[in-house]
Amino acid sequence: MSALGLLRRAALLLAVPALLVAAWWLLTAGSTDFFWPPLSQILGAFDDTWFHGRFTRDVLPSVGRLLAGYLLALVIGVGLGTAIGSVRTLRALLEPVLEFFRAIPPPVLVPILMLFAGIGTGMKILVIVSGCVWPVLLNTVEGVRALDEVLGDTARCYRMRPHSRYVHLVLRGASPQIAAGARQALSIGIILMVISEMFAAGDGVGFTIVQFQRGFAIPQMWTGIILLGLIGVVLSLLFQLVESWALRWYTGLRGSEREG
Amino acid sequence: MTAAPAGTAGTALLDVRHVRKVYEGAGRSVEAVRDLTFGVAAGEFACIVGPSGAGKTTLLKCVAGLLGCTGGEVVLEGARVTGPPPGMAVVFQEYGRSLFPWMTVRQNVELPLKERRVPKARRRELVDEALDAVGLGEARHAHPWQLSGGMQQRVAIARAVAYEPHVLLMDEPFAAVDAQTRADLEDLVRDLWKRLGVTVLFVTHDIDESVYLGQRVIVLSNSPTVVLEEVAVDLPAERDQLATRSDPRFAELRARVYKLVQQAKSGHRPGTGDA
Ligand SMILES: Nc1ncnc2c1ncn2[C@@H]1O[C@H](COP(=O)(O)OP(=O)(O)OP(=O)(O)O)[C@@H](O)[C@H]1O
Ligand SMILES: [Mg+2]
Numbered sequence: 006m007s008a009l010g011l012l013r014r015a016a017l018l019l020a021v022p023a024l025l026v027a028a029w030w031l032l033t034a035g036s037t038d039f040f041w042p043p044l045s046q047i048l049g050a051f052d053d054t055w056f057h058g059r060f061t062r063d064v065l066p067s068v069g070r071l072l073a074g075y076l077l078a079l080v081i082g083v084g085l086g087t088a089i090g091s092v093r094t095l096r097a098l099l100e101p102v103l104e105f106f107r108a109i110p111p112p113v114l115v116p117i118l119m120l121f122a123g124i125g126t127g128m129k130i131l132v133i134v135s136g137c138v139w140p141v142l143l144n145t146v147e148g149v150r151a152l153d154e155v156l157g158d159t160a161r162c163y164r165m166r167p168h169s170r171y172v173h174l175v176l177r178g179a180s181p182q183i184a185a186g187a188r189q190a191l192s193i194g195i196i197l198m199v200i201s202e203m204f205a206a207g208d209g210v211g212f213t214i215v216q217f218q219r220g221f222a223i224p225q226m227w228t229g230i231i232l233l234g235l236i237g238v239v240l241s242l243l244f245q246l247v248e249s250w251a252l253r254w255y256t257g258l259r260g261s262e263r264e265g
Numbered sequence: 303m304t305a306a307p308a309g310t311a312g313t314a315l316l317d318v319r320h321v322r323k324v325y326e327g328a329g330r331s332v333e334a335v336r337d338l339t340f341g342v343a344a345g346e347f348a349c350i351v352g353p354s355g356a357g358k359t360t361l362l363k364c365v366a367g368l369l370g371c372t373g374g375e376v377v378l379e380g381a382r383v384t385g386p387p388p389g390m391a392v393v394f395q396e397y398g399r400s401l402f403p404w405m406t407v408r409q410n411v412e413l414p415l416k417e418r419r420v421p422k423a424r425r426r427e428l429v430d431e432a433l434d435a436v437g438l439g440e441a442r443h444a445h446p447w448q449l450s451g452g453m454q455q456r457v458a459i460a461r462a463v464a465y466e467p468h469v470l471l472m473d474e475p476f477a478a479v480d481a482q483t484r485a486d487l488e489d490l491v492r493d494l495w496k497r498l499g500v501t502v503l504f505v506t507h508d509i510d511e512s513v514y515l516g517q518r519v520i521v522l523s524n525s526p527t528v529v530l531e532e533v534a535v536d537l538p539a540e541r542d543q544l545a546t547r548s549d550p551r552f553a554e555l556r557a558r559v560y561k562l563v564q565q566a567k568s569g570h571r572p573g574t575g576d577a
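This is the structure we're talking about:
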């Protein structure tokens, strides 16, 4: 790609965010509304609020719990999903139950989970897992079920061993759907990270935002919200990086199908 | 037991005995294959022709151990087939879908060898040889979806060949390629067969192809399927697209098989007199 092309892409990518920030800046400039402080004031408070102790005290624990819960949900979702997707009777047995659990909004589980998992780190991770696992699980089941039976026959006929069948056929074949589920799970995970910290916590971004709000530290509260947005953007960029690497073949395949 | 089983010649590598297959669907059962019996000798090239829907694919899957027979049995190298046996390679009718799209051509061909735990150096040799044989040496790092249909077909053939099977099953492998590629692939398969001494069971609905390729053509009736007749192809072993196809004997055999397939389509069955 030429330098000019790169520049064009960057401009396209950043145009709308830049406009929004500019609008926010202009609309709140000189604002005296207590709840809508000028953006300049919010940004001015950003560094002081987050990068003098709170980053390691609140941000890292939050992100750590998020990643722990998210990865755990991936492992459980993919593990169970491939099992359920491969065994027809298991699928018939479990599918209605799974749909039921998926339909429960995860935040309502927080008070229940608090009852028997306490209010520590374990509970927060559990909350994240309990919300993230469903899209991964259901999409994995779908992906495994949609595996081409000709590929399955090929694997049998060339006597692929169970382990390599699992890795090279089942996981790879279902990976586009697994990635779709994982993407949904990521945004659910961020929401649950914040919510789990709002009920009972001693640290974390969500906890800190609530503290600011209760203490009427409005600019600081706004910095927290911006920080959450930034965390979301960074994680989603990382996700896209991994996804586009793992699914290169799928992008190519789709492209060739469109042409052909 | 010291005596060879009566009825069979005892030299057959592959024995299909009274195979019957009924698909049980929701409230509906389809008798795809009624009663098929034939043998294929070691190193033989046998073709199976029959009308569309005659159960050719079904038969092949039973032979490959991918489907259980409802009745009868398939015996390969003296052992009853209950699952995919070692030393058997299959080229599927839907060859494009039989390649792993997340692997390169090379990885696709190599995978079965890895599963067989062939040492790395030997693996490389076999893969390169097979890809060169089908003229795909240049495309080894491409993914299947970057190739044309005919090239994908050749990858599937290369994978089967590199596996060094004793038995090679092919299900209408050239149905979707153009005439020129088809002729090339036919010669390629004949070549490989002669060079490797593999036993080939080749399914096709193309009468010319069956006579051109095979040493014997097994004609199936329409569904529910039995063997209508077997035609021995007594053409010279050396076949050539132009010379063989203009051989008067080729025309005779072709006409014979053609008539049988016509009969099969109109519902004629063996032992029921005239067509
Ligand atoms: N999985 C299945 N379930 C139910 N019926 C099936 C199934 N597969 C095939 N059949 C039926 O069995 C019969 C034989 O099908 P088969 O695919 O073996 O025919 P074929 O000779 O290979 O046809 P073609 O030349 O079109 O490939 C058909 O009537 C078909 O509808
Ligand atoms: Mg078929």
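Chain order of the listed sequences is A and B. So in our numbering, spot 104 of the first sequence is number 109, and the numbers just go up one at a time. So in our numbering, spot 239 of the second sequence is number 541, and the numbers just go up one at a time. Where is the CB? At the ideal position from N, CA and C, for every residue including glycine.
Check	Outcome
Candidates Leu470(B), Ala477(B), Ala481(B) and Ala557(B), of which the one nearest Gly345(B) by Cα	Leu470(B)
Euclidean distance between Cα positions of Pro307(B) and Arg161(A)	Caution is warranted here: a pLDDT of 41 is assigned to Pro307(B), below 50, making its placement in the model unreliable, and no coordinate value can be reported.
The beta strand (DSSP E) enclosing Tyr560(B), as first and last residue numbers	It is not in any beta strand (DSSP E) - Tyr560(B) instead sits in the alpha helix (DSSP H) that spans Pro550 to Lys567.
Partners in chain A for Arg399(B), counting only beta-carbon separations shorter than 9 Å	Asp153, Glu154, Val155, Leu156 and Thr159
Simplified DSSP state of Glu100(A), which is helix, strand or coil	helix
Inter-residue spacing [alpha-carbon to alpha-carbon] between Val436(B) and Thr501(B)	19 Å
Closer than 8 Å: Val505(B) CB and nearest ligand 2 heavy atom	yes
Val332(B) beta carbon near ligand 1 (any heavy atom closer than 8 Å)	yes
Pair within 9 Å by beta-carbon distance, Ser523(B) and Arg556(B)	no
Three CB pairs or more closer than 8 Å across the stretch 328 to 338 of chain B and the stretch 122 to 137 of chain A	no
Coil, strand or helix - Glu396(B) by DSSP	coil
Reference Pro66(A); option with closest CA among Phe221(A), Trp227(A), Leu252(A) and Phe212(A)	Phe212(A)
Rounded straight-line distance, which links the Cα of Val383(B) to that of Asp317(B)	10 Å
Any 3 or more C-beta pairs closer than 8 Å across the stretch 520 to 537 of chain B and the stretch 336 to 355 of chain B	yes
With 16 other Cβ atoms within 10 Å as the buried cut-off, status of Ser7(A)	exposed
Test: Met226(A) CB closer than 9 Å to a CB of chain B	no
Contact test: Asp473(B) Cβ vs ligand 2 heavy atom, cutoff 8 Å	yes
Proximity test, Gln395(B) beta-carbon vs ligand 1 heavy atom, cut-off 8 Å	yes
heavy atom of ligand 2 below 8 Å from Lys358(B) C-beta	yes
Test: Gly422(B) CB closer than 9 Å to a CB of chain A	Residue 422(B) is actually Lys in this sequence, not Gly. Taking Cβ atoms only, chain A never reaches closer than 9 Å to Lys422(B), which makes this a no.
Cβ of Gly90(A) within 9 Å of any chain B Cβ	no
Near-chain A residues of the stretch 437 to 453 of chain B - C-beta to any C-beta below 8 Å	His445, Trp447 and Gln448
C-beta atoms of Val149(A) and Ile89(A) nearer than 9 Å	yes
DSSP bridge partner residues for Arg382(B) (one or two, in chain order)	Val377(B)
Ligand 1 heavy atom lying under 8 Å from the CB of Gly352(B)	yes
Length-filtered (3 minimum) beta strand (DSSP E) runs lying within the stretch 320 to 354 of chain B	330 to 343 and 347 to 351
Top-ranked residue by Cα proximity to Phe266(A), from Phe244(A), Glu262(A) and Gln218(A)	The structure shown has nothing for residue 266(A), since chain A only spans 6 to 265.
C-beta neighbour in chain B for Trp250(A), strict 9 Å	no
Reduced DSSP secondary structure (H/G/I, E/B, other) of Glu474(B)	coil
Near ligand 1: Leu361(B) beta-carbon under 8 Å from a heavy atom	yes
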